[in-house]
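Here my numbering = 1-based position in the sequence shown + 20.
All C-beta atoms, glycine included, are put in the ideal place defined by N, C-alpha and C.
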Amino acid sequence: MTSLENKIAESIRPIVEDLGYELYDVIYEKEGKDNYLRVFINKEDGISLNDCENVNNSITDLLDEEDFIKSAYFLEVSSTGIEKRLRSNEHLEKSKGDKIEVHLYKMQDKQKILVGILKDFSDSQIIIVVHNKESIIERSNISLIKTVYDWDC
Numbered sequence: 021m022t023s024l025e026n027k028i029a030e031s032i033r034p035i036v037e038d039l040g041y042e043l044y045d046v047i048y049e050k051e052g053k054d055n056y057l058r059v060f061i062n063k064e065d066g067i068s069l070n071d072c073e074n075v076n077n078s079i080t081d082l083l084d085e086e087d088f089i090k091s092a093y094f095l096e097v098s099s100t101g102i103e104k105r106l107r108s109n110e111h112l113e114k115s116k117g118d119k120i121e122v123h124l125y126k127m128q129d130k131q132k133i134l135v136g137i138l139k140d141f142s143d144s145q146i147i148i149v150v151h152n153k154e155s156i157i158e159r160s161n162i163s164l165i166k167t168v169y170d171w172d173c
């Protein structure tokens, strides 16, 4: 998370939690010519459109008052989805033992996408098990990590 994303997360977390949700992630990114502030929420029994609207309405005034982002942006509040992005150590800790997909900047083991079970991690590496073999991946080589939902269940 960038320092801007951290500031925003720490400011809106109490509001989101008071409403009964978990603040999963905050992502500020540019797409084309537009800027987006994406707030991802979660709760045990799932997220509805009404939940997203409730959080959106509850954090908008604070975001306007704090004025973290000086340029125009679109605010999007949504669920984490079935396949969650894993951006923090907290996300990784909760996903130990789960099937994940790791996208790499540079090839490793002749692949740029590795799918396996998350075994462990540190600040500099993650360890996944792919076909009963451990693969150690430098976090500096990772562009994206996400959980993988088993659609064949």
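Next on the checklist: Helix, strand or coil, according to DSSP, for Ile138 in the structure here?
Outcome noted: Counting from one through the sequence shown, the residue named residue 138 turns up at place 118. Inspection of the sequence shows that residue 138 is occupied by Leu rather than by Ile. Reduced to three states, the DSSP call for Leu138 is strand.
Item to check | Length of the line joining the Cα atoms of Asp172 and Arg33 | outcome: On the sequence shown, residue 172 is found 152 positions in, with the first residue counted as 1. On the sequence shown, residue 33 is found 13 positions in, with the first residue counted as 1. Those two C-alpha atoms are separated by around 35 Å.
Next on the checklist: Tell me the residue span of the alpha helix (DSSP H) that contains Asn77.
Outcome noted: Numbered from its first residue, the sequence shown carries residue 77 at position 57. Note, Asn77: alpha helix (DSSP H), 69-86.
Checklist entry - How far does the alpha helix (DSSP H) with His111 in it reach, from first residue to last? => result In the sequence shown, the residue the question calls residue 111 occupies position 91. 109-114 is the extent of the alpha helix (DSSP H) around His111.
Checklist entry - What is the residue span of the alpha helix (DSSP H) that Asp38 lies within? => result On the sequence shown, position 18 is the one that residue 38 refers to. Element bounds for Asp38: 23-38.
Checklist entry - Can you tell me where the beta strand (DSSP E) with Val122 in it begins and where it stops? => result Translated into positions along the sequence shown, residue 122 becomes position 102. Per DSSP, Val122 belongs to the beta strand (DSSP E) from 119-128.
Next on the checklist: Closer than 8 Å is the cut-off here; do at least three beta carbon pairs connect the stretch 116-126 with the stretch 84-96?
Outcome noted: no
Checklist entry - If you follow the beta strand (DSSP E) that Val46 is part of, which residue opens it and which one closes it? => result For this step, residue 46 is matched to residue 26 along the sequence shown. Val46 -> beta strand (DSSP E) spans 42-51.
Next on the checklist: Comparing C-alpha positions only, which one of Gln131, Ile47, Leu57 sits nearest to Tyr93?
Outcome noted: For the purposes of this step, residue 93 is identified with residue 73 of the sequence shown, where counting begins at 1. Considering only alpha carbons, the answer is Leu57.
Checklist entry - Does the beta-carbon distance from Thr100 to Tyr44 come in below 8 Å? => result Mapped onto the sequence shown, residue 100 falls at position 80. Mapped onto the sequence shown, residue 44 falls at position 24. Result yes, Cβ atoms of Thr100 and Tyr44 sit closer than 8 Å.
Next on the checklist: Using C-beta distances below 7 Å, list every residue in its chain close to Lys53, excluding the 5 sequence neighbours before and after it, in chain order.
Outcome noted: What you label residue 53 is simply residue 33 of the sequence shown in a count that begins at 1. Same-chain partners within the cutoff: there are none.
Item to check | DSSP-derived helix/strand/coil call for Ser160 | outcome: Against the sequence shown, residue 160 aligns to sequence position 140. The answer is helix: DSSP assigns Ser160 an H, G or I state.
Checklist entry - Name the DSSP bridge partner or partners of Thr167? => result As a first step, residue 167 must be located in the sequence shown, where it is residue number 147. Looking at the DSSP assignment, Thr167 forms a beta bridge with Ile120.
Checklist entry - Using CA coordinates, which residue listed in Ser155, Ile102, Lys119 is at the minimum distance from Gln131? => result Within the sequence shown, numbered from 1, the residue matching residue 131 stands at position 111. Ranking the options by Cα distance to Gln131, first place goes to Ser155.
Checklist entry - By the 10 Å Cβ neighbour count, where 16 or more other Cβ atoms means buried, how is Lys153 classified, buried or exposed? => result Within the sequence shown, the letter at position 133 stands for residue 153. Lys153 comes out exposed.
Checklist entry - What is the DSSP secondary structure of Leu95, reduced to helix, strand or coil? => result Here residue 95 refers to the residue found at position 75 when the sequence shown is read from its first residue. DSSP places Leu95 in strand when its eight states are reduced to three.
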